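One structure is given below, encoded as structure tokens.
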Amino acid sequence: MSDQVLGMKCTSCGTVSYPKHAVCPNCRQETFEAVAIGGEGKVLTYTDVYALAIDYETRYLRLAMAELDDGIRVTGHLLADDPKLGMRIRTEIGTVREPGDKPIQGLQFHPI
Ligand SMILES: [Zn+2]
0 MSDQVLGMKC TSCGTVSYPK HAVCPNCRQE TFEAVAIGGE GKVLTYTDVY ALAIDYETRY
60 LRLAMAELDD GIRVTGHLLA DDPKLGMRIR TEIGTVREPG DKPIQGLQFH PI
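Per numbering that gives the first Met the number 0, the sequence shown starts with residue 0, numbered consecutively.
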């Protein structure tokens, strides 16, 4: 698997979305090109989800919405024991679950 997270950039207005939308949320066009996203940003909000699929080996999953320094808002797994709104994070690709020993990769946020 690629070690980059790909967002979709609208070929009409340049708005970057992650995950992909069927239509651009800014101009309603439907053509996109893949662009790498990632880097650092800050936590906008977070929550702990306890209603997980049966193959999760954790009691809960801490999810966050973060705003990256280039303005893109993304959702991912927040790996912080003491999360705070506005805390700085860096993005990485990591294993978020392993159903049937097949790792599923996703976006993770690490405190910095
Ligand atoms: Zn657009």
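In this text, a Cβ means the ideal position worked out from N, Cα and C, and glycines have one as well.
Being a predicted model, the structure only gives us computed values, none of them experimental.
query                                                                                                       : result
Beta-bridge partners of Asp47, as assigned by DSSP                                                          : Arg61
Residues that DSSP places opposite Thr74 in a beta bridge                                                   : Met64
Cβ shell of Glu32 (< 8 Å), same chain only, five flanking positions each side left out                      : Met7, Lys8 and Thr10
Endpoints, beta strand (DSSP E) assigned at Val4                                                            : Val4 to Cys9
Inter-stretch contact (C-beta, 8 Å, three-pair minimum) for the stretch 50-70 and the stretch 33-42         : yes
Pairwise C-alpha distance: Leu60 and Ala52                                                                  : 11 Å
Three-state secondary structure (DSSP) of Pro24                                                             : coil
CB contact below 8 Å: Cys12 versus chain C                                                                  : Absent from the structure is chain C; it holds one protein chain and no more.
Cys23, buried or exposed, once every other Cβ within 10 Å from all chains shown has been counted against 16 : buried
Contact check, Pro18 vs Tyr45, beta carbons under 8 Å                                                       : no
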